[in-house]
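Residue numbering for the sequence shown follows numbering that gives the first Met the number 0, beginning at 0 and increasing consecutively. Accompanying notes for the structure given below.
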Amino acid sequence: MFSPDPVGVVTDNAGGVVLTFTGDIVLVTAPAADVLAGQAHDRAATSTRKLLVIDLREVTFLASVGTTVLMIHRRRAGRTGVKITVVANTPRVTRVLDLSGLTSHFRVHADLETALAP
0 MFSPDPVGVV
10 TDNAGGVVLT
20 FTGDIVLVTA
30 PAADVLAGQA
40 HDRAATSTRK
50 LLVIDLREVT
60 FLASVGTTVL
70 MIHRRRAGRT
80 GVKITVVANT
90 PRVTRVLDLS
100 GLTSHFRVHA
110 DLETALAP
């Protein structure tokens, strides 16, 4: 059973912005995930490093609509100069990123420290 909204927390960290998702990112939760990603992107655009780290380590299921949310914000980042990196270390999420081809569009790290490193 999935939660009605993915839980997302946006924090400032080491000159960048970290968006941490937990739960399922599926059809019914994707709109909320998109809003959270937009808020995080806006903060990253004004941060020192223009860095947005999307942390998916606590995501329990990433549906294809979740990959669409990631790509929407990748395109937006290209227009605003924000660099996006992804943190994922569970097979259920990294497999989706691999199969969808997103690993060729994002740097994917296993831990937050590496993703935030200059």
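Where is the CB? At the ideal position from N, CA and C, for every residue including glycine.
What residues are listed by DSSP as bridge partners for residue i?
i    : result
N88  : Its beta-bridge partners do not exist; DSSP assigns none.
H108 : V86
I24  : L61
Is it buried or exposed, residue i, if we count other Cβ atoms within 10 angstroms and call 16 or more buried?
i    : result
A109 : exposed
T47  : exposed
V17  : buried
G100 : exposed
V126 : Since the first residue of the chain shown is 0 and the last is 117, residue 126 is not available in this structure.
M0   : Reliability fails at M0, whose pLDDT of 49 lies under 50, so the model's placement of it is uncertain and no value is given.
T45  : exposed
A116 : exposed
V107 : buried
D23  : buried
G7   : buried
T66  : buried
Give the secondary structure of residue i by DSSP, where H, G and I count as helix, E and B as strand, and everything else as coil.
i    : result
R56  : strand
R48  : coil
G7   : strand
T19  : strand
L98  : helix
L61  : strand
M0   : At M0, the pLDDT of 49 sits below 50, so the modelled position is not reliable and the matter cannot be decided from this model.
T113 : helix
Original post:
Is the number of C-beta pairs between the region 53-60 and the region 83-92 that are closer than 8 Å three or more?
Top reply: yes
Subject >> Sufficient close CB pairs (3 or more, under 8 Å) joining the region 93-113 to the region 31-49 >> reply: no
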